[in-house]
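If you want our numbering, it's the position in the sequence shown, counting the first as 1, plus 29. C-beta atoms are modelled at their ideal positions from N, C-alpha and C, and glycine is treated no differently. Here the structure is a predicted model, which is why all the values come from computation and not from measurement. What follows is a set of notes on a single structure, which appears directly below.
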Amino acid sequence: MFYTQDPKVYEILPVVAAETPSQLLSHADEIRLAGLVAKGKAASAKLTKGRKSAAVFARLEKDVLLGEYARTELIARNQGLVGKVARRYFDTGLTHEDLMQEGQLGLIKAVDRYDPKQGTRFSTYAVWWIRQAIGRAVANTGRTIRLPVNLGHKAMQLRRTEMVLAQQLGRDATEAEVAKQLEWTVAQVRDISESVVQVHSLEQIVGSKGEADTELQDLLPDDKVMRPEDHVGGDLLKEDIASALDMLSPWEASILRMRFGFLDGEIHPLSDLARKFGLSREGMRQVANRAMEKIRQSRHANGLREYMSN
């Protein structure tokens with residue numbers, strides 16, 4: 030928290046609180062508070078650069094304080110989201126306190142990255158970050174042999190692919206078939222298979238009562254589902270990609286919006302999109318890649334350079 034000696038600054042705080050009276054924030058509340066957070070960050074950066082007149086310094090002080098207050102409000106008013114997500118992870122090896130702590134870290138990251146200009150509700154955006162934070166903690170602690178998170182993700186991909194292929198083929202898939210599906214080498218498939226020893230079966234039913242048929246594998250983060258911050262300049266909320274999508278055909282733009290969660294906040298894996306549009310997974314991947322290549326070759330590429338490199 031940034032503190033100031035100017036009592037006039039504190040007179041504004043009750044006004045901010047009065048404008049957000051209810052426990053649950055409306056979209057307008059989210060936009061207003063996020064705007065104050067952004068303004069506070071900008072003011073904080075300006076305070077450290079060069080000499081300022083007393084009037085300018087006081088104005089920047091006020092903006093910083095209001096930004097910190099708004100940030101605290103966003104965190105406090107969304108504690109219910111942390112609890113709601115954490116309940117799905119009971120019986121996965123972490124205590125309730127640990128789950129809440131990890132979820133809190135995800136919520137804070139969401140507050141710091143959120144940009145209302147993207148059109149997504151903060152609650153929708155925050156749930157993704159909370160799940161990611163808790164899921165990573167579960168993946169990293171719920172094993173007899175503690176594995177790096179990225180290795181845990183690969184093990185999850187491998188197991189899911191084996192299950193899907195077994196259903197399609199009516200038998201266990203060979204290492205070569207699994208490797209082809211994942212675009213890995215056979216050696217990679219073998220190494221992951223041999224190195225992972227888990228405490229819980231991936232099919233173990235977990236969760237509190239009322240969360241029936243929730244399996245551990247459904248709660249752990251999956252690298253096959255692309256993360257939003259991996260697709261917009263290294264930070265989902267720093268770039269507005271609407272102009273880039275406008276250069277695509279309506280069909281291509283719709284696919285990318287669904288793929289990366291810009292349509293409704295839900296990120297759709299290629300397999301889901303393939304079923305929706307009547308294509309194979311490989312066919313859908315090619316369509317998405319062609320659309321991405323069009324953006325790479327356009328004038329929008331400079332603004333999305335880090336995004337394109339992922």
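- Residue 145 is classed as buried because its beta carbon has at least 16 other beta carbons within 10 Å across all chains shown.
- In the structure shown, residue 147 falls within a helical segment according to DSSP collapsed to helix, strand and coil.
- Taking C-alpha positions only, residue 274 is separated from residue 282 by approximately 5 Å.
- For residue 208 against residue 218, the beta-carbon gap comes to about 5 Å, under 8 Å, which counts as contact.
- Here DSSP, grouped into helix, strand and coil, assigns residue 298 to coil.
- Excluding five sequence positions before and after residue 303, the CB atoms of its chain that fall closer than 8 Å to its own CB belong to 309, 310, 312, 313, given in chain order.
- Here residue 132 is near residue 162, since their CB atoms are less than 8 Å apart.
- Taking C-beta atoms as the reference points, residue 102 and residue 62 count as a pair closer than 8 Å.
- In the three-state scheme derived from DSSP, where H, G and I count as helix and E and B as strand, residue 212 is classed as coil.
- In the three-state DSSP reduction, residue 122 falls in the coil class, being neither helix nor strand.
- Between residue 159 and residue 122, the beta carbon gap of about 18 Å keeps them out of contact (Cβ cut-off 8 Å).
- Within a 10 Å sphere around the beta-carbon of residue 57 sit fewer than 16 other beta-carbons, which makes this residue exposed.
- Here residue 315 carries a helix assignment [DSSP, helix/strand/coil].
- Of the candidates 168, 114, 280, the residue whose Cα lies closest to the Cα of residue 316 is 280.
- The residue among 128, 95, 79, 198 with its C-alpha nearest the C-alpha of residue 168 is 128.
- Secondary structure at residue 290: coil, using DSSP grouped into helix, strand and coil.
- When 87, 142, 116 are compared, the shortest CA-CA separation from residue 66 is found for 142.
- Taking residue 93 as the centre and dropping the five residues before and after it, the same chain places the C-beta of 31, 69, 72, 73 closer than 6 Å to its C-beta, in chain order.
- DSSP, read as helix, strand or coil, puts residue 103 in helix.
- Within the same chain, Cβ atoms closer than 8 Å to the Cβ of residue 319 are found at 281, the five residues on either side in sequence being excluded.
- Apart from sequence neighbours up to five positions away, the residues of its chain that approach residue 221 with a beta-carbon distance below 6 Å are 183, 184, 187, ordered along the chain.
- For residue 113, the uninterrupted alpha helix (DSSP H) segment begins and ends at 108–116.
- The C-alpha of residue 60 lies about 51 Å from the C-alpha of residue 201.
- By a beta-carbon distance limit of 8 Å, residue 155 does not contact residue 166. Their separation comes to about 17 Å.
- Around the CB of residue 290, 16 or more other CB atoms lie within 10 Å, so the residue is classed as buried.
- Rounded to the nearest angstrom, the gap between the Cα atoms of residue 191 and residue 213 is 13 Å.
- DSSP places residue 58 in the uninterrupted alpha helix (DSSP H) bounded by 56–76.
- Of the residues 195, 164, 95, 306, the one whose Cα lies closest to the Cα of residue 119 is 164.
- The C-beta distance from residue 277 to residue 323 rounds to 6 Å, short enough to fall under 8 Å.
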